[in-house]
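Chemist:
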Amino acid sequence: MDRLQSIEIFVKSVELGSFSAAAEAMGMSSQLVGKHIRTLEHSLGVQLINRTTRRQHLTDVGHRFYEHAKNILAEMSEATSMANEAQTTPTGKLRISAPISFGVNALAPLLPIYMQRYPDVIMEMSISNRMVDLIEEGFDVVFRVGELSDSGLIARELQPYRLILCASSDYLSAHSPILHPSDLQQHECLSFSHTTLRNHWEFLTPEGSMTIDIKGHFIVDSGEALMAAAVAGAGIILQPSELVMPAIQEGKLVEILPNFPVPTRPMHLLYPQDRRMTPKLRSFIDFTLEFFAPDGSNSKQ
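Mapping to this note's numbering: the sequence shown position 275 is 858, numbers consecutive.
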């Protein structure tokens with residue numbers, strides 16, 4: 584017989600005062616209740632209950648065993664409830680990696696909403712433009728900009744990454760007009776060192792895609808540094824909309840060549856294919872898609 588079940592039956596018999604009451608409460612016969620308790624006493628090598636035809640009472644060791652047993656059952660019940668709750672309630676640490684501009688300007692301002700919804704989740708976010716290894720570095724999810732390699736990860740498509748060409752009004756008023764992407768070759772273009780944007784900028788024209796070789800005197804691995812330099816009048820930048828739109832709305836920067844847009848870059852949320860879909864992971868995926876899903880969102884590998 585299951586010893587834990589026998590202990591549960593013993594405790595119920597003590598609490599209700601008889602085998603018959605315990606049997607009724609637990610949906611079994613009085614004979615089976617008696618058999619469980621006799622088996623328990625035999626396995627322990629002690630008598631727990633003195634029972635006559637009219638009444639039952641605990642032995643001294645039965646009293647002590649009862650006090651310990653009811654505590655064990657209470658802790659088992661609490662542990663079971665905790666485990667069951669963990670299957671439905673997001674809890675634990677969630678490790679996230681995101682590109683700097685997106686993470687700082689688009690994702691971070693929304694995270695208080697997630698944290699308010701799921702207070703039992705501890706969020707640990709790494710902000711980096713480095714291509715992190717999700718599996719090796721122990722991340723739960725990674726935001727990634729650009730074309731995907733065949734990594735075996737599950738990829739959820741997000742809104743495409745939009746880049747905006749802009750400069751300060753002071754710079755624009757002090758230099759020749761920019762009416763076409765080719766005009767940029769005569770200007771100071773501040774470049775981002777981590778991507779192909781370092782040397783070439785691509786635009787969509789009525790004639791098709793056009794790639795412009797750029798030159799300038801400032802190359803840096805920080806979008807924030809590029810924007811600060813542009814606001815100060817140092818030159819032209821091509822940076823994510825999340826980063827530069829506030830400065831454009833405040834009049835610190837001016838969008839250039841809006842009729843010659845830069846091709847958007849794909850963006851995805853990645854997570855391991857073989858990782859169990861825990862409540863915390865599912866909740867964050869749903870949260871991300873709530874704010875960043877494209878029209879007709881889908882998943883692909």
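C-beta atoms are modelled at their ideal positions from N, C-alpha and C, and glycine is treated no differently.
Note that this is a predicted model, so its numbers are computed, not measured.
1) Just reading off the alpha helix (DSSP H) that Glu825 is part of, what are its end residues?
2) Using DSSP bridges, identify the partner residues of Arg633.
3) Excluding the five sequence neighbours on either side, which residues of its own chain have a C-beta within less than 7 Å of the C-beta of Leu693, listed in chain order?
4) Could you tell me the alpha carbon to alpha carbon distance between Ser880 and Lys835, rounded to whole angstroms?
5) Less than 9 Å between the beta carbons of Glu771 and Ala817, yes or no?
6) Which of the three DSSP states, helix, strand or coil, is assigned to Thr788?
7) Between which two residues does the beta strand (DSSP E) holding Phe726 run?
8) Are the segment 753-770 and the segment 730-741 in contact at 8 Å, needing three or more beta carbon pairs?
9) Please report how far the alpha carbon of Ser866 lies from the alpha carbon of Pro673, in whole angstroms.
10) Mapping DSSP to helix, strand and coil, what is Ser751?
11) Just the C-alpha distance for Pro823 and Tyr744, rounded to the nearest angstrom, thanks.
12) According to DSSP, simplified to helix, strand and coil, what is Ala815?
13) Can you check the segment 837-883 for any beta strand (DSSP E) of at least 3 residues that lies completely inside it and give the ranges in chain order?
14) Taking the alpha-carbon positions, what's the Pro695 to Glu707 distance?
15) Rounded to whole angstroms, what is the Cα-Cα separation between Gln884 and Gly721?
16) Leaving aside the five residues before and after Ser792 along the sequence, list all residues of the same chain whose C-beta is less than 8 Å from its C-beta, in chain order.
17) Report yes if the C-beta distance between Phe685 and Glu825 is below 9 Å; otherwise report no.
18) Please report the distance separating the alpha-carbon of Ser882 from that of Tyr854.
19) Can you give me the C-alpha to C-alpha distance between Ile819 and Phe801, rounded to a whole angstrom?
20) Within its chain, find whatever has a CB closer than 7 Å to the CB of Glu591; leave out the 5 residues flanking it on each side and keep chain order.
21) Using the three-state DSSP reduction, which class does Met714 fall into: helix, strand or coil?
22) Note down, in chain order, each residue of its chain lying with its Cβ closer than 7 Å to the Cβ of Ala605, except the 5 sequence neighbours on either side.
23) Just mark Leu780 as buried or exposed, buried being the case when its beta carbon has 16 or more other beta carbons within 10 Å.
24) Spell out the partners DSSP gives His783 in its beta bridges.
25) Based on Cα-Cα distance, which residue from Lys676, Phe843, Leu690 and Pro682 lies nearest to Asp723?
26) What is the DSSP secondary structure of Arg745, counted as helix, strand or coil?
Modeler: On the basis of the coordinates in this document:
1) Ser824 to Gln832
2) Note on residue identity: the sequence assigns Asn, not Arg, to residue 633. In the DSSP output, where bridge partners are listed per residue, Asn633 has His640.
3) Phe874
4) Any reading at Ser880 must be qualified, since the residue scores a pLDDT of 46, below 50, and its modelled position is unreliable; no value is offered.
5) yes
6) strand
7) Val724 to Val728
8) no
9) 7 Å
10) coil
11) 7 Å
12) coil
13) 850-854
14) 13 Å
15) Because Gln884 carries a pLDDT of 38, less than 50, the predicted location of this residue cannot be relied on, and the following value inherits that uncertainty. Computed Cα separation, rounded: 20 Å.
16) Glu785, Phe786 and Pro846
17) yes
18) At Ser882, the pLDDT of 42 sits below 50, so the modelled position is not reliable and the matter cannot be decided from this model.
19) 10 Å
20) Leu656
21) coil
22) Ile592, Lys595, Ser596, Leu599 and Val616
23) buried
24) Asp796
25) Lys676
26) coil
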